[in-house]
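Novice: When the letters of the sequence shown are read in order and numbered with mature numbering (1 follows the signal peptide of the UniProt record, and there is no 0), they come out as residues -22 to -1, 1 to 787. Attaching a single structure in structure tokens format; questions to follow.
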Amino acid sequence: MEGTAIILLCSCLLSILMFNSAADTITANQTISDGQTIVSAGGWFEMGFFSPKGNPKKRYFGIWYKKISNGTVVWVANRETPIANTSGIIKVSSMGIVVSTNQSTNIQIWSSNYSRSVKNPVAQLLDTGNLVFWDENDQIDFVWQSFDHPTDTFLPGMKLGYDLVTGADRYILPWKSDDDPAPGNYTYRVDKKGFPQVILWKDTVPLVRNAPWVGSRYSNNSVREYNGIYGERFVISEKEVYNVFDVLIIESPITRLTLTPSGIPTRYIWNTENHDWTQYKIFQVSDCDFYGICGTNGVCNVDKSPRCECMEGFDPKIPEDWAKADWSHGCSRNVQLECGNGDGFVKYSGVKLPDTRWSWYNMSMSLVECEDKCLKDCNCTAYSNIDTSNGGSGCLLWFGGLIDMQGFSEDGQDLYVRMAASELKENRKSRVKHLLVVLVPLLVILMVMISLSLLYAYKTKRLKRAGKEKTLASPDLDLPLFSFMQIAKATENFSNNRQLGKGGFGTVYKGILEDGKEIAVKRLSKDSRQGVDEFMNEVSCIAKLQHRNLVMLLGCCIEEGERLLIYEYLPNKSLDYYIFDKNMCQSLNWPKRYNIILGTARGVLYLHQDSRLKIIHRDLKASNILLDHEMNPKISDFGLARTFGESETPASTTRVVGTHGYMSPEYAFDGLFSVKSDVYSFGVSLLEIISGKRNRGFVHPDHNLNLIGHVWKRYNEGNLLEVVDRVILESSNQHEVFRVIQIGLLCVQEYPEDRPNMSSTIMMLTRDDALPIPKQPGFFLERRNCGETGASPQAFTLNTFSVSSFAPR
């Protein structure tokens, strides 16, 4: 008996060792118990039983990454029927893969449910993360595969769409929460009505719609996106319709698209340097991406204010609501269509094509044939090409109102909208009149310009030579020089329409150079407090800085008595534009805000530690954090920055400059500044990003504290939930948000020696180690309540010193 027991024990141990090895298949005579796993041949993926974080008593059978990000789950079988203990087993039968409880009870929990019997069944975990079931003697086709039944993750090679032959419909359903893989109430799928398109739904309500695929790109991109990591395709054939992406880096499946529990399709890229997932792209980046925000026949443009406008020949259906920024009722025609009575089309270029669920399409028709077909159908309201490559082909027709359009100027697709004959005539008259209004002044201006050209050329040449000599006289300056004429032309002679912002030191304009490159031009005011010293200081500080979280300086100009700085253009303005606006803040969920916090920290760390000279910014705040097209932060405005050598110690100044609410106590009172001064400013900005409130001018009905004091008070009360901006609660992990608030309090401690440096701050932001307990912050005491006299509350401190400062914005 003892010998038999030993043999059985060895057999079991051998079985466990076999399943914990790289074996990637299960046959009909094998069983996987809870605690055993199967690893794909290349080691990229692993499958077995797991418990979500925070829910250890529930067990699920699933697939997760093994070689990278061990534990990131990509597929779950029994997502609605967890096993309450570790008694689960996996086995393969002739009918498919079965998840059940142990053999004594043998209660089936989940099955792949294949109707046809297989003689030699085999289940295999492929290196793509695909679990397949097939007949060992017939390896041509898979009988069943997990790629046909995705959960919340879209992997390379997986098809998102439907099979017209088998009826299979592949779509993504998020986890209900971070610790519950049951399906949530969002759906990300290829819609079957009309021309295929991908739509994100919440229950039965469309939230975000991807632009239709037009041959080699989506209709909201002027060119096909190429990022060197993955390539995307959208296939429409007689047998199937699907969206798929392929990894371009063959040796590593390093990207995935996941639908988060809060319903946000997010693409992640594996960062091999940090050994972590980096958020690469979020598919809803502005309020224009919300479905139908401008209603029927309305066009949304993120670069305009107000966001929505009606197409030509249309006016708001309810003007009084439109004036209140309620655009949901859309636009109606000024003149109704008269079929067969001279109807025609107006071309709109650079638009995201309207919702195609109420459309008809033909893949082979020409654009001319498409127009003719639309004219012959009295219900047709618009048409467009399907494939824009190689001159264009295919026909897409719309019927009824046009909804969910966006304007992209250079990007987008051509859309031809049907108009009544009288509207077309008025349109032509208006264009001729507009042309004359433009041409006549231009002719007059041209005559004046010709008469003054010789004098202007002579003066410009002399000033340019003087400007070059003055600029090149600065040592260590290696920066392209722009002529004043170049910049004036790029900014339409500093037109008000090109203004991006205005502050105490001058105005910032958007410019477009002759080669099409977009730039931002900072034009210092002639009566600005920032003199030549500050100007040269900003040039010398930032000219040689190269970091992804710092604004890049492209050049400068000091001709014509001007002081101009030319920067890279960032389309999403500054951070304060979003976090302090009750509407714009809706577009900044927690992942975006965390990315901004971490990116800003890395930029400051570069200034303090990794640049050639130690640089102290001295004016770090939300309005000096700009956002690029992917909402990544870039620190700007170095007019007040100071440089130090490696061995230099903190300095003092008699001229305290900066912005109230962001200056550290030792700098505001005693003029002492160091890297810890920037840490304090960073901490203030961090708390503002999380709360959505300004530190200076913060008002609360229960006390007269500023924002820092309010956060400190709630921290000591254990009530940090009141501090957090309600916008980010749904998209965040509360523990993570509270941890970041504690880091912010550590940064704003009263004494500089108590504050962490930026290197330590980044480590605290990216790790889960225990945090120190913060001490009392600076500037947290209550202000005098001057409300009864009508005066604004004034800040006061222990030593009652007042501070005067120059503020650039």
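For every residue, glycine included, the Cβ atom is placed at its ideal position computed from N, Cα and C.
Going by C-alpha to C-alpha distance, which of V718, G481, Y556 sits closest to G617?
Specialist: Here the closest residue by C-alpha is G481.
Novice: Between the C-alpha atoms of P174 and T274, what's the straight-line distance to the nearest angstrom?
Specialist: Cα to Cα, P174 sits roughly 20 Å from T274.
Novice: So what's T449 in DSSP terms, helix, strand or just coil?
Specialist: Note on T449: pLDDT 46, under 50, position unreliable in the model; the coordinate value appears next. Reduced to three states, the DSSP call for T449 is helix.
Novice: Mind checking T256: buried by the 16 CB within 10 Å criterion, or exposed?
Specialist: When all chains shown are included, T256 counts as exposed.
Novice: DSSP three-state call for N249: helix, strand or coil?
Specialist: It is a strand residue.
Novice: Could you tell me how far apart the beta carbons of G276 and C288 are, in whole angstroms, since I believe they sit closer than 8 Å?
Specialist: That belief holds up - the Cβ atoms of G276 and C288 are roughly 6 Å apart, short of 8 Å.
Novice: Report the three-state DSSP secondary structure of H586 (helix, strand or coil).
Specialist: In the structure shown, H586 sits in a helix (DSSP, three-state: H, G or I).
Novice: For L432, I'd like the list of residues in its chain whose CB is within less than 8 Å of its CB, leaving aside the five on either flank, ordered along the chain.
Specialist: Taken in chain order, the list of residues that qualify is empty.
Novice: Run through DSSP, which three-state label would Y258 get?
Specialist: The answer is strand: DSSP assigns Y258 an E or B state.
Novice: Rounded C-beta distance between I520 and L531? I'm assuming under 8 Å.
Specialist: Between L531 and I520 the Cβ distance is about 5 Å, and since that is below 8 Å, they are a contact.
Novice: Helix, strand or coil for I667? Go by DSSP, reduced to three states.
Specialist: Of the three classes helix, strand and coil, the one that applies to I667 here is helix, per DSSP.
Novice: Any idea what DSSP makes of F212, helix, strand or coil?
Specialist: Correct three-state label for F212: strand.
Novice: Give, in chain order, every unbroken run of the beta strand (DSSP E) that is at least 3 residues long and sits entirely within the region 340 to 391.
Specialist: The region 340 to 391 contains these whole beta strand (DSSP E) runs: 358 to 362, 373 to 377, 383 to 385.
Novice: Taking M741 as part of the alpha helix (DSSP H), name the residues at either end of that continuous run.
Specialist: Note, M741: alpha helix (DSSP H), 736 to 744.
Novice: What did DSSP end up calling V715 once you bin it into helix, strand or coil?
Specialist: Helix, per DSSP.
Novice: Is it a yes or a no for the region 747 to 756 touching the region 708 to 721, going by three-plus beta-carbon pairs under 8 Å?
Specialist: Judged by Cβ distances under 8 Å, the region 747 to 756 makes contact with the region 708 to 721, as three or more pairs qualify.
Novice: Write down every uninterrupted run of the beta strand (DSSP E) in the region 571 to 622 whose length is 3 residues or greater and which is fully enclosed by it, in chain order.
Specialist: You should have 592 to 594, 603 to 605, 611 to 613, 620 to 622.
Novice: Looking only at its own chain, which residues have a Cβ that is under 6 Å from the Cβ of S642, when we skip the five neighbours before and after it?
Specialist: S655, Y658, listed in sequence order.
Novice: For K495, which three-state DSSP category applies?
Specialist: Here K495 sits in coil by DSSP.
Novice: Would R234 pass as an interface residue toward chain C - the criterion being a Cβ-Cβ separation below 8 Å?
Specialist: Among the chains in the structure shown there is no chain C, since it carries only a single protein chain.
Novice: Between which two residues does the alpha helix (DSSP H) containing K282 stretch?
Specialist: Where K282 is concerned, there is no enclosing alpha helix (DSSP H), given that its DSSP letter is neither H nor E.
Novice: Enumerated in chain order, which unbroken segments of the beta strand (DSSP E) with a length of 3 residues or greater are wholly contained in the region 14 to 61?
Specialist: You should have 15 to 17, 23 to 28, 38 to 43, 51 to 54.
Novice: Is the CB-CB distance between L478 and K467 below 8 Å?
Specialist: Contact flag unset, no.
Novice: Is it buried or exposed, L375, if we count other Cβ atoms within 10 angstroms and call 16 or more buried?
Specialist: With 16 or more Cβ atoms within 10 Å of its Cβ, L375 is classed as buried.
Novice: Indicate the three-state DSSP secondary structure (helix, strand or coil) for K753 in the structure shown.
Specialist: In this structure, K753 counts as coil in the three-state DSSP scheme.
Novice: Which residue comes first and which comes last in the beta strand (DSSP E) that contains Q727?
Specialist: No beta strand (DSSP E) holds Q727; DSSP gives it neither H nor E.
Novice: Buried or exposed for M341, going by 16 or more other Cβ atoms inside 10 Å?
Specialist: Exposed, by the Cβ-count rule.
Novice: Count the other CB atoms, across all protein chains shown, that sit within 10 Å of the CB of M741; report buried if there are 16 or more and exposed otherwise.
Specialist: Flag for M741 reads exposed.
Novice: Please say whether L457 and G533 have beta carbons closer to each other than 8 Å?
Specialist: Yes; because the gap between Cβ atoms is below 8 Å, this pair is in contact.
Novice: Taking just the CA atoms, how far does G494 sit from R430?
Specialist: The identity of residue 430 in the sequence shown is Leu, whereas the question assumes Arg. So the alpha carbons of these two residues sit roughly 27 Å apart.
Novice: Which of the three DSSP states, helix, strand or coil, is assigned to M425?
Specialist: Three-state DSSP puts M425 in a helix.
Novice: Less than 6 Å between C-beta atoms, sequence neighbours within five positions excluded: which residues of the same chain meet that for I75?
Specialist: Hits under 6 Å: S90, A101, F111.
Novice: Out of curiosity, what's the CA-to-CA distance linking P184 and F23?
Specialist: Using only the alpha carbons, I get a separation of about 34 Å.
Novice: Have a look at the DSSP bridge pairing and note the partners of C309.
Specialist: According to DSSP, C309 bridges with P294.
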